[in-house]
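Below you'll find the structure, written out as structure tokens, and then a few comments.
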Amino acid sequence: MRRNSEGQSKKYKSVRWLPSLSIIIFTLTPFFLLMFSSGIYAASPQTNYLLYCSGCHRVNGEGKPPNVPTLISELGRMLSVQEMRSYLVRIPGVLQAPLSDENLAGVVNWVLREFNSDTLPDNFQDFTAGEVTAARKNALLDPIKYRAEYWKAYEI
Ligand code: HEC
């Protein structure tokens with residue numbers, strides 16, 4: 000009996016710090032989110048790619064076709080069609096990254112130069128923060144349909 004009640008109170012003590020820990024985490028989370036999304040914590044485009052895109056598109060950009068499209072070579076070719084430039088930043092999955100407009104433009108430019116240098120048009124001009132601002136107000140409801148209309152359907 001005695002041993003039993005001691006054991007219980009020990010167990011209770013060991014989790015007493017949990018509420019304070021959750022309060023600390025709750026208080027700090029918005030601060031960290033702000034740091035990442037604003038310019039205070041300026042991560043390189045490559046780091047942002049690794050943080051916000053590589054989970055689905057993989058570190059080397061190959062994706063997992065047919066579910067997640069590759070980001071290699073195909074995007075450079077797309078830029079030969081005018082309507083496909085805005086497409087690259089109007090995809091909801093891209094816009095959802097918790098990055099400022101400037102940093103998101105930086106990631107897309109990095110993806111284009113890093114994975115599409117063989118197909119990128121010579122006259123390619125970097126995406127600007129302003130283009131991302133406009134895209135965020137005009138996200139595509141159905142990116143797959145838009146892509147099939149102006150480019151081609153995903154290969155199965
Ligand atoms: C949760 C998984 C996921 C994440 C995270 C993600 N994507 Fe995607 N991405 C997709 C899927 C799935 C598609 C196919 C279109 C769709 O379903 O929205 C796609 C489509 C794309 C396309 C269009 C490719 C094509 O061939 O049409 C680009 C460009 C792209 N993503 C870039 C990015 C970038 C840049 C990031 C990071 C900021 C990112 N994605 C984050 C899953 C993801």
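Going left to right, the sequence shown walks through residues 0 to 155 as numbering that gives the first Met the number 0 numbers them.
From the three backbone atoms N, C-alpha and C, an ideal C-beta is built for every residue, glycine too.
Handout entry: Closest residue to Gly105 among Cys52, Glu154, Val80 (Cα-Cα distance)
Key = In the sequence shown, residue 105 corresponds to position 106, counting from 1. With distances taken between Cα atoms, Gly105 lies closest to Cys52.
Problem - Buried or exposed by the 16-neighbour rule on C-beta atoms within 10 Å, applied to Val88 - result: Counting from 1 along the sequence shown, the entry for residue 88 is found at position 89. Buried: at least 16 other Cβ atoms inside 10 Å.
Problem - Contact test: Ile71 Cβ vs the ligand HEC heavy atom, cutoff 7 Å - result: Numbered from its first residue, the sequence shown carries residue 71 at position 72. Checking every heavy atom of the ligand HEC against the Cβ of Ile71, none is found closer than 7 Å.
Problem - N-terminal and C-terminal residue of the alpha helix (DSSP H) that Ile143 is part of - result: As a first step, residue 143 must be located in the sequence shown, where it is residue number 144. 142 to 149 is the extent of the alpha helix (DSSP H) around Ile143.
Exercise for the section: Give the secondary structure of Val131 by DSSP, where H, G and I count as helix, E and B as strand, and everything else as coil. Expected result: Here the question's residue 131 lines up with position 132 in the sequence shown. If DSSP states are grouped into helix, strand and coil, Val131 belongs with the helices.
Practice task
Under 7 Å Cβ to Cβ from Val131, same chain only, skipping five residues before and after it: list those, please.
Solution key: Against the sequence shown, residue 131 aligns to sequence position 132. For Val131, where only same-chain residues beyond five positions count, the Cβ hits under 7 Å are Val88, Asp100, Leu103, Ala104.
Exercise for the section: Kindly list the residues whose CB is nearer than 6 Å to the CB of Val110, restricted to its own chain and excluding five residues on each side of it in sequence; keep chain order. Expected result: The residue you call residue 110 lines up with position 111 of the sequence shown. Closer than 6 Å at the Cβ level, and outside the excluded window around Val110, lie Leu70.
Exercise for the section: May I ask whether a heavy atom of the ligand HEC can be found less than 7 Å away from the beta carbon of Pro68? Expected result: The count along the sequence shown starts at 1 and reaches residue 68 at position 69. Under cutoff, so the answer is yes.
Problem - Given Val58 as reference, the closest of Pro65, Leu49, Pro44, Pro142 once Cα atoms are compared - result: Here the question's residue 58 lines up with position 59 in the sequence shown. Ranking Pro65, Leu49, Pro44, Pro142 by Cα distance to Val58 puts Leu49 first.
Problem - Contacts around Leu139, its chain only, beta-carbon distance under 8 Å, and the 5 residues preceding and following it disregarded - result: Here residue 139 refers to the residue found at position 140 of the sequence shown. Closer than 8 Å at the Cβ level, and outside the excluded window around Leu139, lie Tyr86, Arg89, Ile90, Pro91, Tyr145.
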